[in-house]
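Data first, discussion second: the structure below is written as structure tokens.
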Amino acid sequence: DSGVTQTPKHLITATGQRVTLRCSPRSGDLSVYWYQQSLDQGLQFLIQYYNGEERAKGNILERFSAQQFPDLHSELNLSSLELGDSALYFCASSAGAAVDYEQYFGPGTRLTVT
Amino acid sequence: DQQVKQNSPSLSVQEGRISILNCDYTNSMFDYFLWYKKYPAEGPTFLISISSIKDKNEDGRFTVFLNKSAKHLSLHIVPSQPGDSAVYFCAASGRYSGGGADGLTFGKGTHLIIQP
Numbered sequence: 001d002s003g004v005t006q007t008p009k010h011l012i013t014a015t016g017q018r019v020t021l022r023c024s025p026r027s028g029d030l031s032v033y034w035y036q037q038s039l040d041q042g043l044q045f046l047i048q049y050y051n052g053e054e055r056a057k058g059n060i061l062e063r064f065s066a067q068q069f070p071d072l073h074s075e076l077n078l079s080s081l082e083l084g085d086s087a088l089y090f091c092a093s094s095a096g097a098a099v100d101y102e103q104y105f106g107p108g109t110r111l112t113v114t
Numbered sequence: 115d116q117q118v119k120q121n122s123p124s125l126s127v128q129e130g131r132i133s134i135l136n137c138d139y140t141n142s143m144f145d146y147f148l149w150y151k152k153y154p155a156e157g158p159t160f161l162i163s164i165s166s167i168k169d170k171n172e173d174g175r176f177t178v179f180l181n182k183s184a185k186h187l188s189l190h191i192v193p194s195q196p197g198d199s200a201v202y203f204c205a206a207s208g209r210y211s212g213g214g215a216d217g218l219t220f221g222k223g224t225h226l227i228i229q230p
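From first to last, the protein sequence lines are chains A and B. All residue numbers for the first sequence refer to this note's numbering, where the first residue is 1 and numbers rise by one. All residue numbers for the second sequence refer to this note's numbering, where the first residue is 115 and numbers rise by one.
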């Protein structure tokens with residue numbers, strides 16, 4: 001158990017809908033990262049928050065947004081969903097902002113768009 | 115365009131022998147490299163890392179080798195054990211060069227199967 005929790009575990013929704021994925025980092029960790037793992041692309045970095053502020057952005061679509069709240073939990077919002085958004089979404093947390101702090105991954109949320 | 119490539123989707127090794135997993139990268143700004151291990155229904159877990167100022171890093175049964183001129187790294191597991199059966203991801207970042215975001219760029223993974 002990494003100490004990172006993600007809810008829900010599974011989500012099935014229709015195209016055009018909007019969903020919110022939630023992540024609670026390990027106790028004491030200030031950084032939260034979001035990754036998308038799809039069958040053809042592997043694990044892709046989406047976005048990082050550090051202590052409530054956006055720190056780095058990867059391949060995140062404009063239809064996706066994220067935030068980190070004062071209690072350090074984070075939410076990833078996915079809107080106008082398309083079939084291609086079906087994937088496993090991982091959250092990871094680390095103690096510091098830089099990438100050489102070990103990232104601890106949650107078990108993921110599996111999103112299926114029908 | 116894949117910047118981190120793991121060209122072997124799967125690898126089968128006999129228990130007790132050496133497992134060698136390979137990874138190639140194209141972005142010359144990458145200067146920090148990691149290996150993660152993933153079991154089904156779990157998130158990836160960190161295994162070992164190496165920065166570009168080194169060419170080798172060892173941790174118990176796991177050794178990572180970095181060849182900067184070839185833009186190639188490999189993970190050696192000696193001796194291989196049944197519990198090592200998992201998917202292994204290579205990841206990279208431009209941590210020190212500042213050329214990349216502070217997220218990691220992952221390869222697609224290699225499924226290692228340890229045969230008894």
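Ideal placement from N, C-alpha and C gives every residue a C-beta, glycine not left out. Only a predicted model underlies this, so the values are computations on that prediction, with no experimental measurement involved.
(request) In angstroms with no decimal places, state the Cα-to-Cα distance between residue 120 (chain B) and residue 17 (chain A). (result) Going by the C-alpha atoms only, they are around 35 Å apart.
(message) Which same chain residues end up closer than 6 Å to residue 159 (chain B) when comparing Cβ atoms and leaving out the 5 residues on each side of it in sequence?
(response) Answer for residue 159 (chain B): 151, listed in chain order.
(message) Just checking: is the beta-carbon of residue 69 (chain A) within a distance shorter than 9 Å of some beta-carbon in chain B?
(response) Judged by the 9 Å Cβ criterion, residue 69 (chain A) is not in contact with chain B.
(request) For residue 160 (chain B), go through chain A and note every residue whose CB falls closer than 9 Å to its CB, in chain order. (result) Here the neighbours are 102, 103, 104 and 105.
(message) When you compare the CB positions of residue 170 (chain B) and residue 161 (chain B), do they come within less than 9 Å of one another, or not?
(response) In this structure, the beta-carbon distance from residue 170 (chain B) to residue 161 (chain B) does not fall below 9 Å.
(message) I want to verify the contact list: residues of chain A whose CB lies under 8 Å from the CB of residue 168 (chain B), in sequence order.
(response) Residues of chain A passing the Cβ test: none, with the nearest at roughly 13 Å.
(request) Go ahead and label residue 80 (chain A) buried or exposed: buried means 16 or more other beta carbons lie within 10 angstroms of its beta carbon, across all protein chains shown. (result) With fewer than 16 other Cβ atoms within 10 Å, it is exposed.
(message) Pairs of beta-carbons, one from the region 85-101 of chain A and one from the region 21-39 of chain A, closer than 8 Å: are there three or more?
(response) The region 85-101 of chain A is in contact with the region 21-39 of chain A.
(message) At the 9 Å Cβ level, is residue 2 (chain A) part of the contact set with chain E, yes or no?
(response) The structure shown contains no chain E; the protein chains it does contain are A and B.
(message) Quick check on this structure: which residue in A:49, A:78, A:38 and A:15 has the alpha carbon closest to the alpha carbon of residue 21 (chain A)?
(response) Among A:49, A:78, A:38 and A:15, the Cα nearest to that of residue 21 (chain A) belongs to A:78.
(message) Would the region 193-200 of chain B count as touching the region 135-148 of chain B if we require 3 or more Cβ pairs under 8 Å?
(response) Too few Cβ pairs lie closer than 8 Å, so no.
(message) Less than 9 Å between CB atoms is the rule here; does residue 224 (chain B) satisfy it with respect to chain A?
(response) No - not a single Cβ of chain A is within 9 Å of the one on residue 224 (chain B).
(request) Give the C-beta separation of residue 131 (chain B) and residue 194 (chain B) to the nearest angstrom, bearing in mind that I take them to be a contact with Cβ-Cβ under 8 Å. (result) Indeed they touch by this definition, with Cβ atoms about 6 Å apart.
(request) Under 9 Å between beta-carbons, which chain A residues line up against residue 139 (chain B)? List them in chain order, please. (result) For residue 139 (chain B), there are no C-beta contacts with chain A under 9 Å, since the nearest C-beta of that chain is about 13 Å from it.
(message) Cβ closer than 8 Å: which chain A residues qualify as neighbours of residue 155 (chain B)?
(response) Ordered by position in chain A, the residues that pass the 8 Å Cβ test against residue 155 (chain B) are 107.
(message) Less than 9 Å between the C-beta atoms of residue 110 (chain A) and residue 88 (chain A), yes or no?
(response) Going by C-beta atoms, residue 110 (chain A) is nearer than 9 Å to residue 88 (chain A).
(message) Taking CB distances under 9 Å as the criterion, tell me whether residue 52 (chain A) reaches chain B.
(response) Using a Cβ-Cβ cut-off of 9 Å, residue 52 (chain A) does not count as an interface residue toward chain B, since no Cβ of chain B sits closer than that to its own.
(request) Would you identify the three-state DSSP class for residue 197 (chain B), choosing helix, strand or coil? (result) The answer is helix: DSSP assigns residue 197 (chain B) an H, G or I state.
(request) For residue 47 (chain A), collect the residues of the same chain with a Cβ closer than 6 Å to its Cβ; drop the 5 residues on either side in sequence, then sort them by chain order. (result) So the list reads 34, 57, 60 and 66, once near-sequence residues are dropped.
(message) So, with DSSP's three-state summary, where would you put residue 213 (chain B)?
(response) Because the pLDDT at residue 213 (chain B) is just 47, under 50, the model does not fix this residue reliably, and the value given afterwards should be weighed accordingly. The answer is coil: DSSP assigns residue 213 (chain B) none of H, G, I, E or B.
(message) Short of 7 Å Cβ to Cβ, which residues in the region 40-65 of chain A face chain B?
(response) If the cut-off is 7 Å between Cβ atoms, the region 40-65 of chain A has 42, 43, 45, 48, 55, 56, 57 and 58 near chain B.
(message) Rounded to the nearest angstrom, what separates residue 149 (chain B) and residue 177 (chain B) at their Cα positions?
(response) Straight-line Cα distance between these residues: approximately 10 Å.
(message) Please report the straight-line C-alpha distance between residue 124 (chain B) and residue 227 (chain B), rounded to a whole angstrom.
(response) C-alpha of residue 124 (chain B) to C-alpha of residue 227 (chain B): approximately 8 Å in a straight line.
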